[in-house]
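*Asks:*
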Amino acid sequence: MNRKAALTENDLRQCLRLAGGGSLGLFICKLMGWDNGSFFCVYPMLLLGLTPSINAHVVRQFLLQSVVVSVEVLLIYGLFGDRPQLMVPLTFLAFFWRFRLMAQGPLFMFGALGSVFLSIQLHFASYPDTHLYDLVTSNLVAAGLTVLIAWLMFYLFPDTEPRPPRQLPAKDLPSQRHEAVLGATIATLSFMVFQSFDLRDSLSAQVASILVLFPMHWNGIRFAGRIRAMGTLLGCAIGLVLQLVLYSHYDVLPLVTLMYWTAAFCCARIHVLEGAQGIGFGALTTLAIVFGQYLTPQHDVVYSIAYRLSSVCVAVFLTLVAVFALHRLLNRFAAFRHASHA
């Protein structure tokens, strides 16, 4: 990873967009008392963190995948919720076509965000006390609100100079097959594990097991796993410091939002200097999940932070073991051999 030495003017604007967008999402969802607060906090971080610029193509991908995910969750759980032997292959297919799009490149944002959103909603929908229509409604409202927040952030903090377009790496067909099968299989295994155990409070671990797959091949994933664990450690440490500073005032929303903005800006600075999905991005998503999902006027986040750290480390370790084993297996076949490991 090529780390920058200092922030440019564009980088500073991106930090302000990330911190402002994430904090605005937190403030609105807590003020309104909406359920599934992680949607409203994580989505702005993902959209503003994965792309440094926004345009109609990015917005279309973001909104379309939220609709597609909602339909898939309704169909999978509405029709086959009591038949896990049918849900597993359907889930694999849902992940496979997304990772296939990611491997091809032009619709990477659609596939990546869709994989995260689908994983989160499958996780919540698996519990019998979850109302699917409420879950889907929260997802759609959060997606629409995130787009409005993103446009507002780019209006308030526009780039000072045009950014060069990203160059997509060329991949041969076996490499694309390798990445699609690898990503879909590991994401489905993650789904099966979280279906088999009562891990309601392990949303961070669920998301981490998907985010580490974004490099799409073993050399990138093993590095991303270590970085993700370090990012979670940083996010948990910052969250614990915020909780200690807030002490018993975690029910004062303006104070919580101000502290959250400060922490998010610091993490965003690290993320922008890294220039990739590194420690800073992991810390941002960790803070968003912890404060968005678990902080309420009646409940602090001390226990949630401790549990997040342990569960994410275990999830990342198990994901890396599974990725390594499947990577070695796929590379035995010429039709699935990845070019970077040839």
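Residue numbers (the UniProt record's numbering): 1 to 342.
All residues carry an ideal CB built from backbone N, CA and C; glycine is no exception.
From a predicted model like this one, the values you see are computed outputs, not experimental measurements.
1. Once DSSP output is grouped into helix, strand and coil, what is the label at residue 178?
2. Is any beta-carbon of chain B found at less than 8 Å from that of residue 315?
3. Determine the extent of the alpha helix (DSSP H) in which residue 259 is found, giving its start and end residues.
4. Take every Cβ of the segment 131–148, pair it with every Cβ of the segment 28–43, and state whether three or more of those distances are shorter than 8 Å.
5. Please give the ranges of any alpha helix (DSSP H) in the segment 197–228, keeping only runs that are unbroken, at least 4 residues long and fully inside the region.
6. Is residue 253 closer than 8 Å to residue 30 when the C-beta atoms are compared?
7. Where in the segment 118–179 do unbroken runs of the alpha helix (DSSP H), each at least 4 residues long, occur, reported from the N-terminal end onward?
8. Pair every Cβ in the segment 110–123 with every Cβ in the segment 14–22, then say whether three or more of these pairs are closer than 8 Å.
9. Using C-beta distances below 8 Å, list every residue in its chain close to residue 186, excluding the 5 sequence neighbours before and after it, in chain order.
10. Which residues mark the beginning and the end of the alpha helix (DSSP H) in which residue 96 is found?
11. In angstroms with no decimal places, state the Cα-to-Cα distance between residue 358 and residue 271.
12. Within 10 Å of its beta-carbon, does residue 131 have 16 or more other beta-carbons around it, so buried, or fewer, so exposed?
13. Please check the pair residue 291 and residue 26, which I expect to be a contact at CB under 8 Å, by giving their CB distance rounded to whole angstroms.
14. Take residue 180 as the anchor and find which of 239, 108 and 164 has the nearest alpha-carbon.
15. Kindly list the residues whose CB is nearer than 7 Å to the CB of residue 68, restricted to its own chain and excluding five residues on each side of it in sequence; keep chain order.
16. If you drop the 5 nearest sequence neighbours on each side, which residues of the same chain put their C-beta closer than 8 Å to that of residue 50?
17. Is it true that the CB of residue 55 sits closer than 8 Å to the CB of residue 161?
18. For residue 172 and residue 339, what's the separation of their Cα atoms in angstroms?
19. Suppose the cutoff is 7 Å on Cβ atoms and the five residues either side in sequence are ignored; what does the same chain contact list for residue 103 look like?
20. Please state whether the Cβ-Cβ distance between residue 336 and residue 188 is less than 8 Å.
21. Please go through the same chain and pick out, in chain order, the residues whose beta-carbon is closer than 6 Å to the beta-carbon of residue 142, but skip the five residues on each side of it.
22. Quick check: what's the CA-CA separation for residue 416 versus residue 124?
23. Using the C-alpha atoms, what's the distance from residue 246 back to residue 273?
24. For residue 152, which option in 24, 71, 311 and 66 has the closest C-alpha, if you only look at C-alpha atoms?
25. Would you mind sorting residue 207 into buried or exposed? The rule is 16 or more other CB atoms within 10 Å of its CB.
26. From the DSSP output, in three-state form, read off residue 311 for me.
27. Tell me the rounded alpha-carbon separation between residue 86 and residue 72.
28. Is it buried or exposed for residue 183, if we count other Cβ within 10 angstroms and need 16 for buried?
29. Please state whether the Cβ-Cβ distance between residue 251 and residue 13 is less than 8 Å.
30. Would you identify the three-state DSSP class for residue 44, choosing helix, strand or coil?
*Replies:* In terms of the structure at hand:
1. helix
2. Protein chains in the displayed structure number just one, and chain B is not present.
3. 253–274
4. yes
5. 203–211
6. yes
7. 132–156
8. no
9. 209, 213, 319, 322, 323 and 326
10. 84–104
11. A query on residue 358 cannot be resolved here, the shown segment of the chain reaching from 1 to 342 and no further.
12. exposed
13. 6 Å
14. 108
15. 114
16. 109, 112, 113 and 277
17. no
18. 7 Å
19. 171, 176, 179, 180 and 216
20. no
21. 39, 40 and 43
22. Because the chain spans 1 through 342 in this model, residue 416 falls outside it and cannot be assessed.
23. 28 Å
24. 24
25. buried
26. helix
27. 14 Å
28. buried
29. no
30. helix
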